[in-house]
Structure formats: structure tokens, C-alpha cells
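Numbering (the numbering used here), first residue to last: 712 to 1384. Where is the CB? At the ideal position from N, CA and C, for every residue including glycine. Everything numeric in this text was worked out from a predicted model, so none of it was measured. The structure appears below as C-alpha cells.
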Amino acid sequence: MNKGKYYITTAIAYTSGKPHIGNSYEIVLADSIARFKRKDGYDVFFQTGTDEHGQKIELKAQETGITPKEFVDGVAGQIREICDSLNTSYDKFIRTTDDFHEKQVQKIFKKLYDKGDIYKGAYEGLYCTPCESFWTESQLVDGKCPDCGREVKPAKEEAYFFKMSKYADRLIEHINTHPEFIQPVSRKNEMMNNFLLPGLQDLCVSRTSFKWGIPVDFDDKHVIYVWLDALTNYITGIGYDADGNSTDQYKKLWPADLHLIGKDIIRFHTIYWPIFLMALDEPLPKQVFGHPWLLQGDGKMSKSKGNVIYAEDLIQFFGVDAVRYFVLHEMPFENDGVITWDLMVERMNSDLANTLGNLVNRTISMSNKYFGGVVENKRVGVADGAEDVDADLWKVLTDTYARVSKKMDDLRVADAITEIFVLFKRCNKYIDETMPWALAKDEAQKDRLATVLYNLLNGILVGTSLLEPYMPETAVKIAGQINAQLVDFEVLEECAENQDIAKASALYPSGNKVTEAPEILFARQDLNEVMEKVEAMFAERKAAAGIVEEEKEEVPEDVIDIEPKDVISYDDFDKCQFQVGEILECKEVPKSKKLLCSQVRVGSSVKQILSGIKQHYSAEEMVGKKVMVLVNLQPREIAGMMSEGMLLCAEDAEGNLALMTPEKAMPAGAEIC
RNA sequence: GGCGAGAUAGCUCAGUUGGCUAGAGCACACGGUUCAUACCCGUGGUGUCGAGGGUUCGAAUCCCCCUCUCGCUACCA
């Protein structure tokens, strides 16, 4: 049965470094949906890939002393290995450095330019270099960059812009008439209220500040900026052609049925991307699902802590299907999920080893013990008057497909898996209800015993068949052990729809011989042992990363790179006056989540300074600190209060702040030069 | 600050249009069983359903207010 095409994509991964397990989660989620849809009768096309341009990569490559292309070839290779090691069944792995992609992006840019949707920026004088952003007059705050507050300056560089506002009304209309478009729906309100309803700003779509990107072919000092380059992978990967010669594959697959992305890039996928498509006169994707994050429960991952978990680590510890099970099971629909070693061991032991593994094992053992491995469907029910336990088991196994399928339609993958485990638990309960070991003692009950074991094998077969999209290797292993082919979803669907319990309860080939020596599917793990191994692994990794860090008490921060600014002259530097300030008083600014208001003694004067550091320092602990102050900054009103300078902080990649303080005692007012 | 979501058992959460002794999974305790990977099955909760008020015969479920948490956004000189 063919239910039509299903085109699913993941976001393409940015190739600035090797992704950890939190970043690898998305591909597994997409894979489970793709596999389910395939088995469910859809003609599935599943695309993933890498996003390989941009300044950050240019810089990383420079540091390493290789070309950007060499750099991204390396990382893209690693990412692809991760996808493969997680046993994901993508049909296409696109790279934004692929020739066909680059060519089409240039054509698309040109097409939109010719159409008038992209225009050359005329915003001279309103460019903020550090932010790499152009602003309109009306956007400026006190004549300065609304993002960073710094001076905007006459732009020597021109830039191309996309007329977002032109399509805004159409997009609002589309979102309102297609409630399924943005998932989860709570995200829809965020997009509407924060961006669409207040009015969309035009988007800058080119850069001249770096070279590593796709050049604008008719103006080659410009490079096409990320979103027009990256988002278009969804159409170029399947053969879109801006000149109207798109391939048959494109005509068949587009529009995409599902873009699976992280919640951080929902805005780009539900606003910019649909608008680009409107401009190209192409239909919009049917659904965009911004999934939550999978976080590491025991502290933030960082290379310096040596606790970054990669997919391959987990696979080594637990095996690929267990890893797939963890990430899919721990991820609720709307809230972030948490992954810890404790939780993984718990799931491993409780669900995989006990419920599933042991069920298969005990069933096969009994089949061997009582029937030499050959179990026939004798169809002998319980004695008269007894409760019909078989009927209940059959009912559950007949309905499981429908339950799972319903959850999958809603993209509730974790819940879908839970439904399958309900069936396995029902099977375990059935063993206790029927007590095969008791039946075995009575020769007259032989056929009843065969029936019981047959029902179990049949239940395992149905559950395993449904499990295949999530745990493909395990499904095949179990099928091998019970010596049966996995059942097609078509059959399960039919049984569920027609309530054909007779058929559903007789799917296992009667009289097949199960394996004589069942292999343990999932070995129980001891948490302490696992933790020992984990710590050994991290220690080793830390040692390998550099012995330098050993001696210092405080774990040093990992190095981070930031966007380089233009070189300044000494005169420029000399304009800044830095002094040591002593914080005399500090109060929280009411109605602000980030601001603290400090009274800072600098020499003999006291300045009031507001700083966005409430989340890192309490007002009490600020008092008495000697800090570095930029004194001669133009005073400005923030949140209704005057701020007469700036407290300087260091900021790491996660946005943690640390105040700069003199390393020896210094008087308030001491010049920093 | 704006918009939105949420606060239910030790943990993660279900609780439909208000209705009988508020549920599931995990963890924990006890009991049973022995086919099995010390497994499986059963039993066990004095939970102020965040605080307070209101509507109602009756509210976890509706209304008001308060506190706290979270998401997006703004402010982060």
C-alpha cells in the first residue's frame, strides 16, 4: 500500500566542531519518524547534511592552518560518521559546499534580486560593525545600535537586503489558517507576538566582511549570508532549479512534509524560510517541528571539564539501540529532556533488560525446555469458567498499532514507544497469569501450554515489529531469535482497523523453531561500575587534552573565539578611560531581570552604573568589590535610570560573566592603562 | 517590562466539557512465584492537587488575587 510521499528533513549541522550527544539527538528523532513512515507505507525521502560556510569556520580553519574547505571536509566527515554510527537511514546527506547547491543559491539570489525582493542596501551611516548589522533610522536607540549600543558608522560596505515585510501579511494568514504548521503550537504565539504582529524588519542577506561563503555572482565582493544559503538546502537537495528546470524528484517531493529543527531556529524556519519560498512562488512546507533540547543533567558539558558526551561514547557503553532508546524516551514533546548516566542505567535495566530482554529470553527458554523450540498454535483456551486471559492479551496486541500510530501522527515519539512497552509488559503479566511451569507438570495440559507459548511469541513478534523504527538492530535480532519475519505495518493496521483479533493473534508462523541459545539482548548494568568507567574515560580524555590544566586548582576555561573587530589606532584606545571602581552600594533594578544598579566610587566621585549581571551576581555580593570601569562612556538612561559608565566583564561561550578585578589591592580611582 | 506556559506522590508526569475513596511509570518496602538477565507478578501513599478568596449541592478542574518557575522577547553603556 502506498500512502504517498513523505519528505522529512533535519536542520543541517554547522561544521564548526564535532557535535555532542545533545546535538546528535535530532537525527535520531528524524530517523525514527522516517523509518516509521516508511514501514507505514509512505514513500519516504529523508534528508540531512551540513551547513559549512561563515566567518567562524573561516577563522577556525585559519587557526588550524588549513583551508576552510579542508576544515569542513574534516568536520562534515565526523558528523556523517555520527549519523551512520547511530544507524540513521537518511537518503541524502547534503553539504552547502556541494557544487549544485552553491550554483542554485546563486541563481536563487539573482532571481530574487531581479524580482525586486532583494535590493542593494542604501543604509549608509547606519552600520554597526561589531554586530555586523544594518539598521534603519527608526530602529536606532539614541542614534546608536539598538543591539549593542555602540556607535553606528557610515557603511563603506554595501549590503543586500530582503524585503520581508512584503510577504508578512500572507504569512500571518497562512499561519492562522494552518494551525499544524508550527509545532508545538505554543511556539506559534511566540512568533506571532514577537515578530509578525509588531512588523517584520528587512533582512540583510549578504556580507562583505568575510570570504568563506557563496559569492553573489553578479557582485562578487559580497558573500551570501547564512539563511539564504542554509535554508535553501531543503529544495536544492532534491533538485530545485531556479530557472524552472527542477527535477521530477523535486516536483514529487516538494513541499516538505516535515522540517525537524531545534527550538532555537524556529524563527528562521517559520518566518524567513516561508517568506523566501513565497518569493520564489513555491509552496510552503507542511509542518515545522521545533523540538526541545536534550540536556546533560549533571552540569554543563564543557571540554575543560572533560565531561562532553559524544554519541560514540554512549554507543560504546550501551550499544546503539539503547542510545536511540534513551534519547527518544527521555525527550518529552514540549519541555527539555535530561540525560544523565543514572537515568541511562535505569532505563537500560528497567525497560530494556528487564521488561523487553528478559521477556524474550524467558519465552525462548520455555519454548526450548518444553517443546524443543518448536511451538505450535494449538488454540486451546483455558478451562471452562476461568477468566479468558488470552482474549485480553489479544485485544492489547491488536490495538497497539493504532495507539502507536496515533502518537506518531502527533510527533509524540516518546509516547509511541511507551505504547509498545505496554504490550511487552502485558506479555510479562500473561506469563504470571498462565504459569507455564505449572502447566508443564500436567501432561494433559500440553496443548494449552503450547498455546500459551505461542501467544507469547506472537505478542513478542507484534511488539518487535512495531519497535523496528526506533530500535532497528534489536528488532532484527529478536526476529532472528524467534525465527520469524517482522510483520508489515499494513497487516497490523488492517487487524487494528477491522478489529481482526483472530488474525492478529495468529501472526507468528506456527511450528517455527526458535533459537536454542538466546543471546542476551541487553545486559543489566551496575551504576557504580558504569560511573567508574565513565570517570576513567573522562580523566583519560582530560589528560590527553593537555597536562597543562592539571596543576591549576580552578579549571581553566576552554578557549573561545569571538568575532574580530577592526584594528584601532593607539589614539582610539587612548580615548577610553578605564579606572578601578569600588562598589559602595548595589540594588536590583525593579522590573528588570538582568539589571543591577551600583553606586561606584571612582576617585573622589561616585557614579551610578547599571549592568546586566543580575543573573551572575547578587546585589549583596557586589558590594565592596573593586572592579574595572569604563568611566568616560556617554551616560545613558536605561530602564528609567541614568547609567554613567560600564562595569567590564569577561564572558564565556555560555554567557557566564566574570567581573574584572585588579589582582593586587588598588585604590578606587587607580587608572587602568 | 511585553506575550505565553506551568505549579498534582521521593523523581518524571496523566488528569477529557467541574462529580463518587485523585491516577501512571520509575524508585522504595513487603508478599508471592521460579520459566527467565536476582527476573516477573501482586500489595502498599497521612499527596494541605503552589497560597488565599469566590462561584457551586459539589472544583485539581471555572473566576479573582498572590507567590514562584519556565519559554520567547526587550532591557544587558
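Considering only their Cβ atoms, is the gap separating alanine 1361 from methionine 1371 smaller than 8 Å?
yes
Would you report the Cα separation of glycine 715 and phenylalanine 756, rounded to the nearest angstrom?
11 Å
Measuring CA to CA, which of Glu1208, Val1334 and Thr726 is closest to threonine 1111?
Residue Glu1208 holds the alpha-carbon nearest to the alpha-carbon of threonine 1111 among Glu1208, Val1334 and Thr726.
Kindly indicate which residue of Val1245, Ala953 and Val1225 has the alpha-carbon position closest to the one of lysine 814.
Ala953
I'd like to check one pair, leucine 823 with valine 1124: are the Cβ atoms closer than 8 Å?
no
Does DSSP put histidine 1002 in a helix, a strand or coil?
strand
Report yes if the CB atom of isoleucine 1193 is closer than 8 Å to the CB atom of isoleucine 1171, and no otherwise.
yes
Hey, how far is the Cα of tyrosine 736 from the Cα of aspartate 975?
14 Å
Is proline 1267 helix, strand or coil when you go by DSSP?
With a pLDDT of 37 at proline 1267, under the threshold of 50, the modelled position of this residue cannot be trusted; read the value that follows with caution. In the structure shown, proline 1267 sits in coil (DSSP, three-state: anything other than H, G, I, E or B).
As a quick exercise: from Ser800, Gly760, Leu1197 and Thr761, pick the residue whose alpha carbon is nearest that of arginine 746.
Ser800
Just to confirm the assignment, what range does the alpha helix (DSSP H) spanning serine 1078 have?
1069-1082
Distance check for histidine 970 and alanine 722, CA to CA, integer angstroms please.
7 Å
Using only CA atoms, which one of Asn734, Phe1029, Ala1217 and Leu1070 lies nearest to lysine 1089?
Ala1217
List the whole-angstrom C-beta distance separating leucine 882 from proline 985, where the pair is believed to meet the contact cut-off of C-beta under 8 Å.
6 Å between Cβ atoms; contact.
If you draw a straight line from the C-alpha of aspartate 1285 to the C-alpha of proline 1346, how long is it?
19 Å
Give the DSSP-derived three-state secondary structure of methionine 1353 in the structure shown.
strand
Take lysine 750 as the anchor and find which of Asn900, Val927 and Met1119 has the nearest alpha-carbon.
Met1119
Measuring CA to CA, which of Leu1341, Glu1045 and Tyr936 is closest to isoleucine 893?
Glu1045
How would you label methionine 1077, buried or exposed, when you count the other beta carbons within 10 angstroms and need 16 or more for buried?
buried
Have a look at tyrosine 725 and proline 1183 and give me their C-alpha separation to the nearest angstrom.
Those two C-alpha atoms are separated by around 28 Å.
Using CA coordinates, which residue listed in Thr919, Val1019 and Leu1359 is at the minimum distance from phenylalanine 1249?
Val1019
In three-state DSSP terms, what is glutamate 1299?
DSSP places glutamate 1299 in the strand class (E or B) of the three-state scheme.
Compute the Euclidean distance between the alpha carbons of threonine 807 and threonine 943, then round it to the nearest angstrom.
Roughly 9 Å between the two C-alpha positions.
For leucine 1197 and alanine 1186, which I take to be in contact (beta-carbon distance under 8 Å), what is that distance rounded to the nearest angstrom?
6 Å
So leucine 1005 packs on methionine 1042, CB below 8 Å; how close in whole Å?
Confirmed, about 6 Å.
Assign glycine 1048 to one of two classes, buried (16 or more other C-beta atoms within 10 Å of its C-beta) or exposed (fewer than that).
buried
Under 7 Å Cβ to Cβ from glycine 950, same chain only, skipping five residues before and after it: list those, please.
Ser957, Thr958, Gln960 and Tyr961
Please state whether DSSP places leucine 1122 in a helix, a strand or coil.
coil
Alpha carbon to alpha carbon, what distance is there between tyrosine 830 and lysine 818?
Distance between lysine 818 and tyrosine 830, taken at the CA atoms: about 15 Å.
To the nearest angstrom, how far is it from the Cα of glutamate 781 to the Cα of lysine 1337?
Roughly 47 Å separates the two Cα atoms.
For phenylalanine 1029 and tyrosine 718, what's the separation of their Cα atoms in angstroms?
31 Å
Where do the N-terminal and C-terminal ends of the alpha helix (DSSP H) with phenylalanine 1200 fall, by residue?
1200-1209
In the DSSP assignment, what residue or residues form a beta bridge with tyrosine 717?
Val755
Please report how far the alpha carbon of asparagine 1065 lies from the alpha carbon of tryptophan 1052, in whole angstroms.
18 Å
Please name the residue or residues paired with leucine 1368 in a DSSP beta bridge.
Glu1362
Rounded to whole angstroms, what is the Cα-Cα separation between valine 816 and proline 994?
18 Å
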